[in-house]
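Peer 1:
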Amino acid sequence: MSDDLTDPVAMHCKYWCASYDGTLMPLMIALHRVYAAKTARSSAIFARHGLCPGEFDVLASLRRSPPPHELTPSDVQRSVIITSGGLTKILRQLEVRGLVTRSTNPADRRIKPIRLSPSALPMLEQTMQELIADSGAWIKELLSDTEINQVTTLLSKLLNPPPADA
């Protein structure tokens with residue numbers, strides 16, 4: 003096996019020279035690896051609480067809404083990255099486990115709002131505290147506050163580009 007298998011930048015340069023960008027490729031690989039590392043850390047915390055990442059995202063979106071922490075399925079779908087079919091499956095699983103409740107809107111019986119159940123709140127709060135503590139410890143072990151602010155500013159530029167006509 004080749005030694006360069008551990009270095010995707012070197013492999014890309016060696017085998018895909020025409021598309022290699024010495025500035026962008028290392029950044030793209032670093033972003034991907036940071037995302038994978040963060041996902042693995044978060045998934046371990048979710049698993050300790052009996053959740054998968056999609057379930058946590060749905061519960062967290064409900065928790066972010068004002069009391070009684072209720073949203074329509076359309077509102078939830080807009081706040082998470084999941085298909086409508088995937089959301090339906092997750093909602094069924096959460097409802098069976100008593101973490102959410104569904105009701106019918108009297109004005110429009112087609113709408114079935116989703117509400118965070120009282121029993122879900124302590125588990126969700128504990129999960130969020132663990133996520134924040136874990137992320138904070140991991141990042142602050144490796145980056146200074148100044149570096150954290152710099153990375154945040156730079157990534158925000160990628161997420162919020164100026165309008166095309168600016």
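Taking this note's numbering, the leading residue of the sequence shown gets 3, the next gets one more, and so forth. Heads up, the beta-carbon is just placed ideally off N, CA and C, and yes, glycines get one too.
1) Return the CA-CA distance between Arg35 and Leu93, expressed in angstroms with no decimal places.
2) Please confirm whether Lys114 and Arg99 have their CB atoms less than 7 Å apart.
3) Measure how close the beta-carbons of Leu133 and Ser44 come, nearest whole angstrom, since I'm counting them as under 8 Å.
4) Have a look at Phe58, Ala12, Ser81, Pro108 and flag the residue whose alpha-carbon is nearest the alpha-carbon of Gln131.
5) Examine the Cβ distances between the region 110 to 126 and the region 138 to 146 and report whether three or more of them are shorter than 8 Å.
6) Exposed or buried, which one is Leu64 when buried takes at least 16 other CB atoms within 10 Å?
7) Could you spell out where the beta strand (DSSP E) holding Val102 opens and where it closes?
8) On the DSSP bridge assignment, give the partners of Glu149 in chain order.
9) Go to Ile84, then tell me how far its alpha helix (DSSP H) extends in each direction, as first and last residue.
10) Taking 6 Å as the cut-off, is the beta-carbon of Leu156 closer than that to any non-hydrogen atom of the ligand NAD?
11) Here's the rule: buried if 16 or more other CB atoms are within 10 angstroms of the residue's CB, otherwise exposed. What is Val78?
12) Beta-carbon separation of Ala122 and Leu101 under 7 Å?
13) What are the boundary residues of the alpha helix (DSSP H) that includes Arg66?
14) Work out the CA separation of Lys159 and Ile150 for me, nearest whole Å.
Peer 2: If we stick to the structure as given:
1) Straight-line measurement puts the Cα of Leu93 at about 30 Å from the Cα of Arg35.
2) By the CB criterion at 7 Å, Lys114 and Arg99 fall outside the cutoff.
3) 6 Å between Cβ atoms; contact.
4) Of the listed residues, the one whose Cα sits closest to Gln131 is Phe58.
5) Cβ pair count under 8 Å is below three, so no.
6) So Leu64 counts as buried.
7) Element bounds for Val102: 102 to 104.
8) Answer is none; Glu149 lacks a bridge partner.
9) Premise fails: Ile84 is in no alpha helix (DSSP H) and is neither H nor E.
10) No copy of the ligand NAD appears in this structure; indeed no ligand is present at all.
11) It is buried - the Cβ of Val78 has at least 16 other Cβ atoms within 10 Å.
12) Yes. Within cutoff.
13) For Arg66, the enclosing alpha helix (DSSP H) stretches over residues 55 to 66.
14) Taking the straight line joining both Cα atoms gives about 14 Å.
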